[in-house]
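Here is the structure we will look at, set down as C-alpha cells.
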Amino acid sequence: MTNQDDQLRLLSEAERATLQEDDYDPSEDNAAALAALGRGSLYGSPEDEPMGQADGRDSDDAPASTLKAGAEAPTSHSPETDHNAERHGAGGSSKPLPSGYRVDLPLDYQDQVWANKSAMAEVRRRFNDGDLDHSEMEAELDRLQDERDQLRDVKTRATVSAEMRQQSEMDAWTHSIHTFLDDAAKMPELGRVNYHADLEKQADLDAFVKALGAAPANQHRPFRWFLEEAHRRVLALHGIPTTKKSVDMRRRADPSDIVTNLADVPGGAGDADPAGDEFAELDKLTGLDYERALGRLSEEKRAQFLRSV
Numbered sequence: 006m007t008n009q010d011d012q013l014r015l016l017s018e019a020e021r022a023t024l025q026e027d028d029y030d031p032s033e034d035n036a037a038a039l040a041a042l043g044r045g046s047l048y049g050s051p052e053d054e055p056m057g058q059a060d061g062r063d064s065d066d067a068p069a070s071t072l073k074a075g076a077e078a079p080t081s082h083s084p085e086t087d088h089n090a091e092r093h094g095a096g097g098s099s100k101p102l103p104s105g106y107r108v109d110l111p112l113d114y115q116d117q118v119w120a121n122k123s124a125m126a127e128v129r130r131r132f133n134d135g136d137l138d139h140s141e142m143e144a145e146l147d148r149l150q151d152e153r154d155q156l157r158d159v160k161t162r163a164t165v166s167a168e169m170r171q172q173s174e175m176d177a178w179t180h181s182i183h184t185f186l187d188d189a190a191k192m193p194e195l196g197r198v199n200y201h202a203d204l205e206k207q208a209d210l211d212a213f214v215k216a217l218g219a220a221p222a223n224q225h226r227p228f229r230w231f232l233e234e235a236h237r238r239v240l241a242l243h244g245i246p247t248t249k250k251s252v253d254m255r256r257r258a259d260p261s262d263i264v265t266n267l268a269d270v271p272g273g274a275g276d277a278d279p280a281g282d283e284f285a286e287l288d289k290l291t292g293l294d295y296e297r298a299l300g301r302l303s304e305e306k307r308a309q310f311l312r313s314v
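Just so you know, the sequence shown maps onto residues 6 to 314 in our numbering.
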C-alpha cells in the first residue's frame, strides 16, 4: 500500500470527493510554466512524459545510441546510422559529464504534491464543519498555495535542467560522430573508410554500434569508444588493412638524447661487452620476431645474450 492509499483511507467519503475535485495537475502546471518561459514540452505532450525523466534522472542512464545527428547518445536507445543527413560523432575522447545548471526533483516529490492536496481538502472540510472561520481558512489556503507554487517551481526547473543536459549530451554525441567519420575517411591507421559514401559499411558500423550500446557493461563508456570499437569490427569483417601511424623521420633529434660523453654510452663505464656485436641484429627486433629469434638461440647463447642486456 502506498502513502497515497494510506492517506485516502483516513479521509471520509466527502473529503475524498473534495480531493478528487482539486484541479491541481503537476504535468499541466509544468507545461503551462514552460510555455510561459517560451519553451515547449520536453516530450510533446504532458501525458507522454515518462516518470523517469520527471524525477530528474540523467539521460546518461539511457542505453545504446545512434549515429544519426540528433539521436540519443550511447547508453540511451538503440542506434541507427543515417549518414545521408548532416551528422557525424560521439563525444571526443570521452563522454562528457554535463555540468552547470542542474536541478533534480526530490525523491518524495509526488508524496509532497499529494500531501499538499490532502491538506487543502482538510482545510475546506474544517471550514465546512465550522472548525475554522473564513479568515483562518484563507490564511491556511494561502500558506498551502505557497507550498504548491514552490512545488511547481521545482518541477519546472527540474524539467528545464533535464532538457539542457539531454541537449548537451546530444550535441556531444553528434560532434563525436562527425569527428570520427572524418578521421576514418582520411587516416591510414583507421583504414581510410569513407562511411559517407559506402552505404554497406555504414550499415555495418551502425549495427555494431547498436550492439555495443545495448550491452549493460558498456553503459559508462566514452562516446568515442563505441565508434572505434564498431569500426574495428567493420575492418575485420571486410578485411580492410591499416597502417601504423607514420613517424616523421625528419624530426630533429631531442638534444637530451644526444650522447656528449663516452661515460654516457651504455657499457662505457664498465668492461667491454664482446657479445654486443654478435647480438646487434637481435636487438633490432621487436614483438613476435624478437621472441622467435631468441628461441632459435642455443641455451648457452641465450644465456650470454640475456646477460648482455
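Virtual Cβ for every residue (Gly too), placed ideally from N, Cα, C.
Taken through DSSP and simplified to helix, strand or coil, serine 140 comes out as helix.
Where methionine 125 is concerned, the enclosing alpha helix (DSSP H) starts and stops at 114-133.
Taking C-alpha positions only, leucine 146 is separated from glutamine 171 by approximately 37 Å.
Here the alpha carbon of alanine 189 sits roughly 7 Å from the alpha carbon of glycine 196. Beta-bridge partners of histidine 225 (DSSP): none assigned. Under the three-state reduction of DSSP output, aspartate 288 falls in the helix class. Under the criterion of beta carbons closer than 8 Å, glutamine 117 and leucine 156 qualify as touching, at roughly 6 Å.
Two segments are said to touch when three or more pairs of C-beta atoms, one from each, lie closer than 8 Å; by this definition the region 227-238 touches the region 210-217. Taken through DSSP and simplified to helix, strand or coil, tyrosine 200 comes out as coil.
Arginine 312: member of the alpha helix (DSSP H) spanning 304-313, first to last residue. DSSP, reduced to helix, strand and coil, places alanine 163 within a helical segment of the structure shown. The beta carbon of arginine 131 is closer than 6 Å to those of Leu137 in its chain, skipping five residues each way along the sequence. Annotated three-state conformation of threonine 247 is coil, per DSSP. Each residue's CA atom was taken as its position, placing tyrosine 106 and arginine 153 some 23 Å apart. Sixteen is the threshold: since fewer than 16 other Cβ atoms of the shown chains lie within 10 Å of the Cβ of histidine 243, the residue is exposed. In the assembly as shown, glycine 300 is an exposed residue. Its beta-carbon has fewer than 16 other beta-carbons within 10 Å. One Cα belongs to leucine 186, the other to glutamine 115, and the distance between them is close to 45 Å. Annotated three-state conformation of proline 111 is coil, per DSSP.
Burial state of threonine 161 is buried, judged by a 10 Å Cβ sphere holding 16 or more other Cβ atoms. At the C-beta level, lysine 249 and glutamate 194 come within 8 Å of one another. By the neighbour-count criterion, in which 16 or more other beta carbons inside 10 Å mark a residue as buried, histidine 139 falls on the exposed side.
With respect to leucine 290, alanine 298 sits close: the two C-beta atoms are nearer than 8 Å.
Just so you know, the alpha carbons of aspartate 288 and tryptophan 178 end up roughly 45 Å apart. Of the other Cβ atoms in all chains shown, fewer than 16 fall within 10 Å of the Cβ of leucine 204; this residue is therefore exposed. Rounded to the nearest whole angstrom, the CA to CA distance from glycine 218 to glutamate 174 is 15 Å.
In the structure shown, methionine 192 falls within a coil segment according to DSSP collapsed to helix, strand and coil.
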